[in-house]
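Below you'll find the structure, written out as structure tokens, and then a few comments.
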Amino acid sequence: MERLVSRYHCPEPTSLRRVVMAPTTLLHSAPGPQLREMAKLARNLGIRLHSHLSETVDYLDAARARFNMTPVQFCAEHDWLGNDVWFAHLVKLLPQEIAMLGQTRTGIAHCPQSNGRLGSGIADLLALEQAGVPVSLGVDGAASNEAADMQSEAHAAWLLQRARKGMQAKPRYDGGSFEGGGDAATIEDVVRWGSAGGAQILGLQKSGTVQVGMLADIAIYRLDDPRYFGLHDMAIGPVACGGRASLRALMINGRVIVENDAIPGLDLDAMRHQAISAVRTLQQRAVG
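Position one of the sequence shown corresponds to residue 1 (UniProt numbering), numbered consecutively onward.
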């Protein structure tokens, strides 16, 4: 890890090249003492910590059976909570776990499409954010989300947080106090989670917002497709309408990376053939 950090990690505020200590899942990736050593090493090296946690009820069952504690308690016992740590998923949490995550400012990478595809559930972002947990959006991995499309992820987060709250509504004669979940997450919330929230969790101090003194990270979308014709406010299009809006331009730190939906100098056709070949190779290995 020291070699990787010295070679690739750049801690400058304007740098987007960072190394992170990221075992797959803490309950199963390594023994407890080794997890403590990982956390200590990461903090000595000045890098952040990341893993997957509480995606399904199996995490609760495994933590209780093996350690007689909850998954978040297990993380606390092994120094894996703090404002330099974030976890993907956090779908199945007990109230006391949400409180612990908020008190330590441990973050979440919310992956609604992967969680929906696998039937894991819907993370309670409202409770997490109210407790003080920094919220960002993620796409998980190719095993459960091949497209890895952040616009679709933002659309799913917007819809599913509203649906989650709506499922909790009860009739007033049974003690209900709200009709549905239309106020659970605004498009502004989702954009904030996917921009400023992600920058906060990754420690990118100069990114995440468009303002004087920050990096010029700007996406300019084409919203002339028929799917956007009915919008009363074009600014909500990329989140409200789902799918991937075409990019007129994408700038990272003021440098144009994408022009008219293409990356200059990138042979997309050659990349497509390489990807097809890689998938076939994996399929052949899987069947033996």
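Ideal Cβ placement from N, Cα and C applies to all residues, glycine included.
Counting along the chain, histidine 232 sits inside no alpha helix (DSSP H), nor does DSSP assign it H or E at all. In this structure lysine 92 does not touch leucine 128 by the C-beta definition: roughly 13 angstroms separates them, more than the 8 angstroms allowed. Annotated three-state conformation of valine 190 is helix, per DSSP. DSSP places leucine 35 in the uninterrupted alpha helix (DSSP H) bounded by 32 to 45. The beta-carbon separation of phenylalanine 67 and leucine 26, rounded to 11 angstroms, does not stay under the 8 angstroms limit for a contact. In the three-state reduction of the DSSP assignment, isoleucine 236 falls in the helix class, which pools H, G and I. As computed with DSSP, tyrosine 221 is found in a beta bridge with Leu247. Judged by beta-carbon spacing, leucine 118 lies within the 9 angstroms limit of glutamate 55, meaning their Cβ atoms are closer than that value. Alanine 30 places its beta carbon 9 angstroms or farther from that of methionine 21.
Distance between valine 19 and glutamine 103, taken at the CA atoms: about 25 angstroms.
Assigned with DSSP and collapsed to three states, leucine 4 falls in helix.
Nearest Cα to valine 85 within the set Gly116, Gly121, Arg48: Arg48. DSSP places glycine 166 in the uninterrupted alpha helix (DSSP H) bounded by 150 to 167. Here isoleucine 263 carries a coil assignment [DSSP, helix/strand/coil]. With fewer than three CB-CB distances shorter than 8 angstroms, the region 257 to 275 does not count as touching the region 236 to 243. In this model, alanine 131 and glycine 254 are separated by some 35 angstroms (Cα to Cα). In this structure leucine 125 touches valine 135 by the C-beta definition: roughly 6 angstroms separates them, less than 8 angstroms. Per the Cβ contact rule, the region 272 to 287 is not in contact with the region 213 to 227 (fewer than 3 Cβ pairs under 8 angstroms). For methionine 21, the secondary structure class from DSSP, reduced to helix, strand or coil, is strand. By the CB criterion at 9 angstroms, alanine 169 and glycine 180 fall inside the cutoff. Per DSSP, phenylalanine 178 is not a residue of any alpha helix (DSSP H), being assigned neither H nor E.
Ranked by Cα distance from methionine 100, the options Glu77, Gly230, Gly175, Gly121 are led by Glu77.
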